[in-house]
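Trainee: Numbered continuously in the working numbering, the sequence shown closes out at residue 475. Heads up, the beta-carbon is just placed ideally off N, CA and C, and yes, glycines get one too.
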Amino acid sequence: MVALTRLILTHVLTGSIVALLKDHMLAIHTDEDRVIHFNYPLLWSCLCMLGQAICLPASPMKKIDAPFKHFALLGLLETLYVGASNLAFYALLGSHIFIIVRGGEMFCTIVLSQLVFARKVQPHHCLGLFFNCAAVTFMGGCAFSIRSPQHGYLTEEEHDRHVWSGLSLCACAMIVGACCDVYSEVMVKHYKIDPVQLVGISGVVGVPITIAALCIVNPLGYESTPESLHLLQGSDWLKFCVGALVIIQSGQSASGVILGKYGTAVLRSCSAMSRMTVVWGFEVYFGWAQFSLFQFCSMIMVGLGTLIYSRILILPCMPEREDDSRDVAERQALQIEAVEDGTVEECTGKDGNQHAEE
Numbered sequence: 118m119v120a121l122t123r124l125i126l127t128h129v130l131t132g133s134i135v136a137l138l139k140d141h142m143l144a145i146h147t148d149e150d151r152v153i154h155f156n157y158p159l160l161w162s163c164l165c166m167l168g169q170a171i172c173l174p175a176s177p178m179k180k181i182d183a184p185f186k187h188f189a190l191l192g193l194l195e196t197l198y199v200g201a202s203n204l205a206f207y208a209l210l211g212s213h214i215f216i217i218v219r220g221g222e223m224f225c226t227i228v229l230s231q232l233v234f235a236r237k238v239q240p241h242h243c244l245g246l247f248f249n250c251a252a253v254t255f256m257g258g259c260a261f262s263i264r265s266p267q268h269g270y271l272t273e274e275e276h277d278r279h280v281w282s283g284l285s286l287c288a289c290a291m292i293v294g295a296c297c298d299v300y301s302e303v304m305v306k307h308y309k310i311d312p313v314q315l316v317g318i319s320g321v322v323g324v325p326i327t328i329a330a331l332c333i334v335n336p337l338g339y340e341s342t343p344e345s346l347h348l349l350q351g352s353d354w355l356k357f358c359v360g361a362l363v364i365i366q367s368g369q370s371a372s373g374v375i376l377g378k379y380g381t382a383v384l385r386s387c388s389a390m391s392r393m394t395v396v397w398g399f400e401v402y403f404g405w406a407q408f409s410l411f412q413f414c415s416m417i418m419v420g421l422g423t424l425i426y427s428r429i430l431i432l433p434c435m436p437e438r439e440d441d442s443r444d445v446a447e448r449q450a451l452q453i454e455a456v457e458d459g460t461v462e463e464c465t466g467k468d469g470n471q472h473a474e475e
């Protein structure tokens, strides 16, 4: 239980820092009293995939028994997901709204998990998801009425057009992201592959794809990579933010896949949603977002939903059951650790397969 809680906290904190870095780079105030708008979503995608790629040399180089086509497909899905997410972030102009609107990914993950793993739905799962559903509903309505102060240069028509574009991109990111979460869980639980190694291979596949996308959009005028490099050369703080984004992105991706291995893809999606509580608090404190009672209620509901779903918060009316998914995840984690320590021969036998299917 302690190890699973640490994984959730790591995934939440690293994801929050990545979102805050992107939000900060939208409007950086320099010492020369000028503002740098580093709005390059495809370049962000390339940097994120580079962050995943650096996980490969940091992972234990174990023999892989999975066909390469699985890694290629996962890398492609991951690249599409990161690209759509960053484009949606740019269109919605604020990570506090983007993260919770993307909460619909959780519903897609639940549906795919039911189809692939046929997991049993417990009462605490339903209650936790109910809180998250309510939060998504509140924030979806706030997306049109609340804007970040650093983007006040947009007219009402431009703001609404950006929001509609962002919501459309979020819908694409929801579906692709759910496929990534479930597919990565299938791979780490059914093949002998280290989660960090899987993240690194996905990044190696994704970096060339994002570079090819940049080569296409630059001549069309949708994004200017030379302009972004010029901005980097003129600001040491921007260089630091970009470097931090690459490094922390690797930790976020690795912790997410590890959480999917020892927990479930749905738990990974719930923890990703809960990071918006940290993001929103920082944005309100620094004046990047306006305080809203609806948003405040949403933060509380997301936090409660994640705690209840992961069984960190156990309600008296919902006692722990023997077939709880948390217990299954812990037993599987103990089996995998035992295999790595050499105390048992194999965890992929009859019992191991049963736990994985649960």
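Taking just the CA atoms, how far does C163 sit from A144?
Mentor: Taking the straight line from one Cα to the other gives about 20 Å.
Trainee: Which residues in the same chain have their Cβ closer than 6 Å to the Cβ of L451, if we skip the five residues on either side of it in sequence?
Mentor: At L451, the pLDDT of 40 sits below 50, so the modelled position is not reliable and the matter cannot be decided from this model.
Trainee: Give the DSSP-derived three-state secondary structure of I425 in the structure shown.
Mentor: In the structure shown, I425 sits in a helix (DSSP, three-state: H, G or I).
Trainee: Just the C-alpha distance for G320 and M178, rounded to the nearest angstrom, thanks.
Mentor: Whole-angstrom Cα-Cα distance: 16 Å.
Trainee: By Cβ distance, which residues of its chain are closer than 6 Å to V129, with the 5 residues on each side in sequence left out?
Mentor: So the list reads S388, S391, R392, once near-sequence residues are dropped.
Trainee: I need the DSSP call for I227, collapsed to helix, strand or coil.
Mentor: If DSSP states are grouped into helix, strand and coil, I227 belongs with the helices.
Trainee: Secondary structure at V238, three-state DSSP: helix, strand or coil?
Mentor: V238 falls in the coil class under three-state DSSP.
Trainee: Span of the alpha helix (DSSP H) holding N335?
Mentor: First-last of the alpha helix (DSSP H) with N335: 312-337.
Trainee: Let me confirm a value: I417 is counted as buried when at least 16 other C-beta atoms fall within 10 Å, else exposed. Which label applies?
Mentor: Its Cβ having fewer than 16 others within 10 Å, I417 is exposed.
Trainee: Going by C-alpha distance, which of P158, G168, I125, K139 is nearest G200?
Mentor: It is P158.
Trainee: What does the Cβ neighbour count give for E302, buried or exposed, with the cut at 16 atoms within 10 Å?
Mentor: It is buried - the Cβ of E302 has at least 16 other Cβ atoms within 10 Å.
Trainee: Opposite V383 in the DSSP bridges: which residues?
Mentor: Partner(s): none; V383 has no beta bridge.
Trainee: Using the Cα positions of C289 and V419, report the straight-line distance between them to the nearest angstrom.
Mentor: Spanning the two alpha carbons is a distance of roughly 22 Å.
Trainee: Given Q267, which residues of its chain have a CB within under 7 Å of its CB, disregarding the five upstream and five downstream residues?
Mentor: Any reading at Q267 must be qualified, since the residue scores a pLDDT of 45, below 50, and its modelled position is unreliable; the value itself is stated next. Cβ within range, chain order: L143, A144, W405.
Trainee: Can you check which of these residues, A175, L138, R151, is closest to V313 by C-alpha distance?
Mentor: For the residues A175, L138, R151, the minimum Cα distance to V313 belongs to A175.
Trainee: By Cβ distance below 6 Å, which residues in the same chain neighbour R385 in space, the five residues on each side in sequence not counted?
Mentor: Same-chain partners within the cutoff: D298, G373, L376, G377.
Trainee: I want to check one thing, is the minimum distance from the CB of A251 to the heavy atoms of the ligand MG below 7 Å?
Mentor: Absent from the structure shown: the ligand MG. Ligands present: none.
Trainee: Out of curiosity, what's the CA-to-CA distance linking R448 and S345?
Mentor: With a pLDDT of 45 at R448, under the threshold of 50, the modelled position of that residue is not reliable, and no figure is offered here.
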